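If you read the protein sequences in the order shown, they are chains A and B.
Take the first sequence: its letters are residues 1 to 102, numbered as in the numbering used here.
Take the second sequence: its letters are residues 1 to 223, numbered as in the numbering used here.
Take a look at the structure set out below.
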Amino acid sequence: MTREWVTIVLLAAATYGLKSFGPLVLGGDRSLPPRLTRLADDLPAPLLAALVAISALASGDSWSVDARAVGLVVAAIALWRKLPFVVVVIAAAAATALVRAL
Amino acid sequence: MTDISKNVRNRILRQALSIAFAVTPFGLAFGIAAREAGLNIFEAMGFSTLVFTGSAQFAAVSVLADGGSALTAVLAGALLNLRSLAFGVALAPFLQGRLRFRATAAQLMIDEAAAVGMAQPEPSQRRYGYLAGGLAVFVLWNVSTAAGVLFFGAMGDVVTTAGIDATIPAAFLALLWPRLADSRQRRIALGGAVIALLGVPVLPPGLPIVAAGLAVLLPRRTP
Chain A
1 MTREWVTIVL
11 LAAATYGLKS
21 FGPLVLGGDR
31 SLPPRLTRLA
41 DDLPAPLLAA
51 LVAISALASG
61 DSWSVDARAV
71 GLVVAAIALW
81 RKLPFVVVVI
91 AAAAATALVR
101 AL
Chain B
1 MTDISKNVRN
11 RILRQALSIA
21 FAVTPFGLAF
31 GIAAREAGLN
41 IFEAMGFSTL
51 VFTGSAQFAA
61 VSVLADGGSA
71 LTAVLAGALL
81 NLRSLAFGVA
91 LAPFLQGRLR
101 FRATAAQLMI
111 DEAAAVGMAQ
121 PEPSQRRYGY
131 LAGGLAVFVL
141 WNVSTAAGVL
151 FFGAMGDVVT
161 TAGIDATIPA
171 AFLALLWPRL
181 ADSRQRRIAL
191 GGAVIALLGV
201 PVLPPGLPIV
211 AAGLAVLLPR
221 RTP
């Protein structure tokens, strides 16, 4: 097997193991312990916020405040104005493109 | 899934499709990166179907391109993907069912699917959102990977000039938004963002997002 296929097969196995732990090990039980339910309830906010922060304000291993940050602010304003999801995303892209074009 | 009204279903499907389209340029970029690393179309598609985790795929392919070993490539990719463990714990309550269903649904445990799922207010909607987001991204990610390998070009420039890279944080923010109405959720969200950013310069890529989960330890009530 080539180096490429060894990587694909092993990485697929490793990522599947990580992906499936929750659904396979915890998902079969109809009633999860309350502590775990609370954890499942609390985890999304910090994880989503981390995804926002890193995809907007970091590149590689350093912080990077660039045109994407303007896009994020525009997205926040669009959300505050209760605009639809698609509009929020397009407005962010347009604002970022505009700043880069200046 | 019969308890979801048509309006809600349409709203979730719109979210799923929007985020899947936002991911498409990165699928193209992955196809191009794979081709430049010397991978053929089968290997590139092997990554996008079997591994199906954008950041892990990019990391592994860049290690391969630099002449690294398979083991290094696997380690780099797997470390980046530790966060799907956290997503899986968050979504497990909504992905119950037969073993075959859970085993199949688990392959879709990526940022975007988890984000669309977690964003929904009701449990049945979370399940629907996760599956819709995951399937939409799976299809478009693979189509765009193939397109990137077959019709490669200087896509990286288009992604930045058109501001397409800004659609991803905007989409994640839109999915986080409804949770911010609650004061505790707002605090742990802020905590998560701060932990993640502090982790960026010191932790290996991928781990800052996992570390952000520690924000759930913030006290429930301010004294």
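Virtual Cβ for every residue (Gly too), placed ideally from N, Cα, C.
As the structure is a prediction and not an experimental result, all values here were calculated from the model.
Here Gly129(B) is near Val116(B), since their CB atoms are less than 7 Å apart.
Against chain A, a Cβ distance below 7 Å from Ala70(B) picks out Arg3, Val6, Thr7, Leu10. Residue-level contact check: Leu51(A) touches chain B, since one or more beta carbons of chain B fall below 7 Å from its beta carbon. The beta carbon of Val88(A) sits closer than 8 Å to those of Ala75, Ala78, Leu79, all from its chain and outside the five residues before and after it, given in chain order. Excluding residues up to 5 positions away in sequence, Ser144, Ala147, Gly148, Met155 lie with their Cβ nearer than 7 Å to the Cβ of Leu28(B) in the same chain. Only those residues of the region 74 to 99 of chain A whose C-beta falls short of 9 Å from the nearest C-beta of chain B are listed: Val74, Ala75, Ala76, Ala78, Leu79, Trp80, Pro84, Phe85, Val86, Val88, Val89, Ile90, Ala91, Ala92, Ala93, Ala94, Ala95, Thr96, Ala97, Leu98, Val99. In the DSSP secondary-structure assignment, Ser62(A) is bridged to Ser59(A). According to the DSSP assignment, Lys82(A) belongs to no alpha helix (DSSP H), since it is labelled neither H nor E.
In this structure Leu39(B) does not touch Arg3(A) by the C-beta definition: roughly 10 Å separates them, more than the 8 Å allowed.
In this structure Ser84(B) is buried. Its beta-carbon is surrounded by 16 or more other beta-carbon atoms within 10 angstroms.
Distances from the alpha-carbon of Leu83(A) to those of Gly97(B), Ala196(B), Leu197(B), Ala171(B) put Ala171(B) closest. Per the C-alpha coordinates, the member of Ala114(B), Ser18(B), Thr104(B), Arg98(B) positioned closest to Val89(B) is Ala114(B).
Under the three-state reduction of DSSP, Gly129(B) is assigned to helix. The beta carbon of Ala58(A) sits closer than 8 Å to the beta carbons of Ser64 from its chain, once the five residues preceding and following it are set aside; these are given in chain order. Counting C-beta pairs with one atom in each stretch, the region 155 to 169 of chain B and the region 75 to 83 of chain B have fewer than three that are closer than 8 Å, which means they do not touch. Cα atoms of Val202(B) and Asp61(A): separation of roughly 7 Å, rounded to the nearest angstrom.
Secondary structure of Pro208(B) (DSSP, three-state): helix. Secondary structure within the region 19 to 66 of chain B: the alpha helix (DSSP H) runs of 4 or more consecutive residues, fully enclosed, are 41 to 46, 54 to 65 (chain order). Among the residues facing chain B, Leu48(A) is included, as its CB has a counterpart in that chain under 7 Å away.
When secondary structure is reduced to three states using DSSP, Val86(A) falls in the helix class. The alpha-carbon of Val23(B) is positioned some 11 Å away from that of Gly133(B). Val159(B) and Pro46(A) have their C-alpha atoms some 27 Å from each other.
Approximately 5 Å separates the beta-carbon atoms of Ser48(B) and Asn142(B); this is inside 8 Å, confirming the contact.
The region 90 to 102 of chain B makes contact with the region 33 to 40 of chain A: 3 or more CB pairs, one atom from each, lie closer than 8 Å. Its chain contains Val116 as the residues whose beta carbon lies nearer than 6 Å to that of Gln15(B), once the 5 sequence neighbours on both sides are disregarded; these appear in chain order. Within 10 angstroms of the beta-carbon of Pro123(B) lie fewer than 16 other beta-carbons, which makes it exposed. Taking the CA atoms as reference points, Ala86(B) sits about 11 Å from Ile110(B). Neighbours of Arg68(A) in chain B, taken as residues whose beta carbon is under 7 Å from its own, are Asp165, Ala166, Pro169 in chain order.
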